[in-house]
Amino acid sequence: MTGTEAIAHRICPLCEACCGLEVTLVDGAVTRIRGHEADVFSHGYICPKGVALKDLHEDPDRLRTPLIKRDGRFVEATYEEAFAEIERRLTPLLETHGRDAAATYIGNPAAHKMGLLLYTPVLARALGTRNIYSASTLDQMPKQLSSGLMFGHWLSIPVPDIERTKLMVILGGNPMASNGSLWTVPDFRGKALDLKARGGRLVVIDPRRTETAALADEHHFIRPGSDVFLLAALVHTLFGENLVRLGRLADHVTGVEELRAAIAPFTPERAAVHTAIPADTIRALARDLAGSAPAVLYGRIGTCTQEFGTLASWLVDVVNVLTGNLDAPGGAMFPKAAAFAANTVGKGGTGRGVPLGRRRSRVSNAPEVFGELPVGCLAEEIETPGEGQVRALFTVAGNPVLSSPNGDRLARALDQLDLMVSVDIYLNETTRHADVILPGVSPFQDSHYDVAFPQLSYRNHARYSPALLPRGEGVLAEWQVLLKLAAIAEGKGADADPAALDDAMVAAEVGRWAGDHAAAVLAAVSRWTGPERLLDLALRGGPYGDGFGAKPDGLTLAKVTDSVGGIDLGALQPRVPEVLRTPSGRVELAPDILVADLARAVAALDQPAPDLVIIGRRDLRSNNSWMHNLPILAKGPFRCTVLVHPDDARRHGVVHGGRARLSRTGRVIEVQVAVSADMMPGVVSLPHGWGHDADGARLGLASQRPGANLNALLDENLRDPLSGNAVLSGVAVTLEPAPLPAVQAAE
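According to the working numbering, the stretch in the sequence shown is residues 195 to 941, in order.
Printed below as a string of structure tokens:
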């Protein structure tokens with residue numbers, strides 16, 4: 195007997211591409227997932243991650259009930275028991291040791307969940323702690339800092355206008371695998387092929403011949419960590435050959451002469467020594483970017499996860515400004531998001547800029563940036579006695595034991611905590627240390643709107659997905675869990691009603707900005723609760739919104755919900771000066787702290803390159819560690835291999851398919867070797883997010899092929915000094931054959 199079939203649509207939450215999906219359900223069970231042809235943003239594109247949502251929903255390892263650790267073992271519990279346990283232990287801890295005795299960590303999966311992204315800050319504010327950490331200092335904080343300094347807000351990040359450019363140069367990025375990073379661009383391959391078909395060029399600069407480089411017209415190897423020298427030499431050439439073309443930005447830019455003077459030491463010849471890119475090639479690239487055709491330079495994770503991450507992130511945008519390709523069609527442009535973007539509200543063209551120097555970490559004196567401290571400081575903040583010592587930790591959708599440098603130290607530190615609470619879908623390498631785990635829900639059981647990614651999208655749009663399946667009897671939504679945790683932190687008790695808490699929070703917030711009109715505003719959004727109510731408020735008050743009735747044709751959540759496939763809001767448009775929030779009202783081309791940090795790069799010009807360095811890499815099927823537990827993504831060839839150039843393999847005595855040891859400062863991991871001419875000589879590559887062999891984790895499929903953890907080699911104290919971002923690339927390592935097991939050696 196055939197069941198009842200239904201078709202539903204949702205946005206994929208597994209990477210930054212945010213593709214629209216068409217989901218077939220039979221009697222409430224998901225039977226098929228494919229790309230949604232009518233989606234206004236992704237137009238039917240889908241990668242294997244979208245199909246894997248079914249595996250995630252059905253994964254037997256996915257947590258479905260709260261867990262409490264009793265006598266070292268996790269036991270299932272009710273929500274009431276879990277919240278009571280947290281209240282019993284947290285309240286006296288905060289009373290005795292103060293608010294900074296607590297800390298929060300939020301992982302990158304939260305960026306793909308509306309409830310987590312909107313309500314985790316509520317928990318942080320309720321705790322009242324300065325100890326805020328996230329995955330941003332493992333990935334993107336240099337770009338957020340440089341963007342804040344140049345344009346006035348942390349998320350005013352220009353992205354490539356790929357559909358109109360004629361030359362795209364990619365530095366340290368691999369959008370064929372990532373579908374964009376700090377750039378939301380589904381089907382990069384199709385768009386890159388369209389670029390080439392209209393006579394354009396794609397150039398990739400990377401220490402590995404990546405999937406994107408294989409598609410490109412040109413690929414240039416670059417020594418890891420030397421991006422700052424290449425970029426500075428490009429700027430040097432633009433000034434030296436009179437190629438600077440500010441165009442319409444001439445009246446909106448300040449700091450040109452200061453920049454010219456600061457960049458003087460970085461000649462192409464000096465840069466060539468460190469980058470391994472010939473001086474003539476550097477000059478030719480500068481001339482091409484400054485040509486008459488629209489062009490764009492895009493730098494990504496390779497430019498951030500290095501000791502000069504903020505300088506490199508800054509100079510990418512400097513090159514686009516000086517060549518006339520910032521805020522111009524076909525260049526690097528600012529999206530105008532429909533909701534939640536600070537650079538679309540208030541008075542445009544001027545602002546307070548980004549606050550710096552508000553506080554520093556207690557032990558290492560590391561800087562706070564965008565409200566966060568470097569995650570590399572978390573272990574020492576737990577270990578080191580004194581006022582402000584972290585004694586309680588709340589993690590939300592994160593796995594820092596695996597994703598941050600020297601996770602073994604962090605794991606040991608977590609066991610010293612008086613209380614650890616995790617909101618997560620898995621018992622993983624980090625949450626195994628928790629005292630209480632509160633389960634997240636399947637994406638199919640959650641509504642979805644991308645809070646952050648429309649601020650980084652190649653095209654403006656608004657799309658919303660309602661939940662496809664019920665959460666189940668008594669299961670709390672993630673935003674409700676976070677509100678109850680916030681209530682405990684504020685002393686309102688474990689029995690507080692999340693709906694009432696949300697009503698009070700929203701009423702207070704609307705009262706602050708709506709004043710006498712607050713009652714009318716609240717009435718306009720009364721159809722919704724939770725994240726949907728916050729979303730409707732943001733859409734109505736956003737740049738395309740109905741202004742709560744003032745613009746009847748404007749956006750509301752109801753209109754977006756009724757538009758299957760979303761609403762296309764058009765191609766990116768020039769936004770300078772309106773997008774700027776700097777005190778000067780101009781693009782700050784030479785922020786003082788960045789110009790000052792160039793002295794560090796000048797000093798590095800005289801330092802020899804290491805013999806062998808390591809970089810990470812991404813794979814389309816394993817962008818995050820928890821994807822290794824999904825059958826459709828885990829199948830196929832083993833991906834956690836160290837890529838080694840043939841010359842390096844011979845030099846270090848390792849062979850394809852064999853085992854090798856990678857070591858650094860006394861830390862050692864054993865890896866499987868893949869010899870590949872795609873690697874630059876002197877550079878090896880191991881993917882990020884592996885090492886699923888920890889006792890106590892419940893990742894059954896991932897543990898069958900655990901792989902090796904690259905971050906186990908790295909130093910938690912090695913950071914970009916401006917942003918606090920971890921240095922994960924260009925780190926010197928030693929490579930040697932792994933010793934044979936004793937039994938095999940005897941044979």
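Each residue gets a CB set at the ideal place from its N, CA and C atoms; glycine is no exception.
- Nearest neighbour of D813 by Cα position, chosen from K243, S870, G582, turns out to be K243.
- In the DSSP annotation of this structure, the continuous segment of the beta strand (DSSP E) that includes I808 starts and ends at 807 to 809.
- For Y313, the enclosing alpha helix (DSSP H) has its first and last residue at 308 to 321.
- Boundaries of the alpha helix (DSSP H) around G342: 335 to 345.
- Between G197 and L663, the alpha-carbon positions lie close to 16 Å from each other.
- Taking the Cα of V669 as reference, the smallest distance to any Cα among T225, E216, A276 is reached at A276.
- A buried status is given to L483, since no fewer than 16 other beta-carbon atoms sit within 10 Å of its beta-carbon.
- For the alpha helix (DSSP H) assignment, the uninterrupted runs of no fewer than 4 residues enclosed by the region 784 to 821 are, from N- to C-terminal side, 786 to 798.
- Taking 7 Å as the cut-off, the beta carbon of I356 is found no closer than this to the beta carbon of L376.
- Here I399 is actually not in contact with L428; their C-beta atoms are around 11 Å apart, not less than 8 Å.
- T448 carries a strand assignment under DSSP once its states are collapsed to helix, strand and coil.
- For L912, there is no enclosing alpha helix (DSSP H), since its DSSP letter is neither H nor E.
- Annotation for V397: the continuous beta strand (DSSP E) segment containing it runs 395 to 399.
- The way I'd put it, the region 585 to 592 does touch the region 278 to 297; three or more beta-carbon pairs between them come closer than 8 Å.
- The Cβ atoms of I280 and V645 lie no closer than 7 Å to each other.
- In the structure shown, the three-state DSSP call for M874 is coil.
- Comparing C-alpha distances from A211 to each of L437, L339, Y652 shows the shortest one belongs to Y652.
- Apart from sequence neighbours up to five positions away, the residues of its chain that approach A489 with a beta-carbon distance below 6 Å are L361, L483, N519, ordered along the chain.
- Remark: C-beta atoms of A906 and A854 do not approach each other more closely than 7 Å.
- Cβ neighbours of L443 within its own chain (closer than 7 Å, five residues either side excluded): V515, L520, D521, V770, V781.
- By the Cβ criterion, the region 525 to 537 is not in contact with the region 877 to 885, since fewer than three pairs of Cβ atoms, one from each stretch, lie closer than 8 Å.
- Counting only unbroken stretches of 4 or more residues, the alpha helix (DSSP H) elements lying wholly within the region 354 to 413 are 369 to 372, 382 to 391, 405 to 409, in sequence order.
- Secondary structure of N519 (DSSP, three-state): coil.
- Residue A896 holds the alpha-carbon nearest to the alpha-carbon of M821 among A896, S857, V796.
- Assignment of F433 by DSSP, reduced to helix, strand and coil, places it in the helix class.
- With fewer than 16 other CB atoms across the displayed protein chains lying within 10 angstroms of its CB, V269 is exposed.
- Looking only at A480, A533, S330, Y239, the smallest Cα-Cα distance to R734 is reached by A533.
- The beta carbon of L788 sits closer than 8 Å to those of S340, L343, T504, L505, W508, L916, all from its chain and outside the five residues before and after it, given in chain order.
- Put simply, the backbone Cα of A408 is about 15 Å away from that of L389.
- Exclusion of the five residues before and after R727 leaves D696, V700, V719 as the residues of its chain whose Cβ lies within less than 8 Å of its Cβ.
- Fully contained in the region 574 to 612 are the following beta strand (DSSP E) runs of length 3 or more, in chain order: 586 to 590.
- A671 has its alpha-carbon roughly 27 Å from the corresponding atom of G739.
- Shown here for P633: same chain residues with a beta carbon closer than 7 Å to its own, the five before and five after excluded, namely L257, R258, T259, P260, I619 in chain order.
- For the set V557, E910, V363, E930, the Cα lying nearest the Cα of P354 is the one of V363.
- Here the alpha carbon of R324 sits roughly 44 Å from the alpha carbon of L396.
- Counting C-beta atoms within 10 angstroms of its own C-beta, V849 has fewer than 16 neighbours from the protein chains shown and is therefore classed as exposed.
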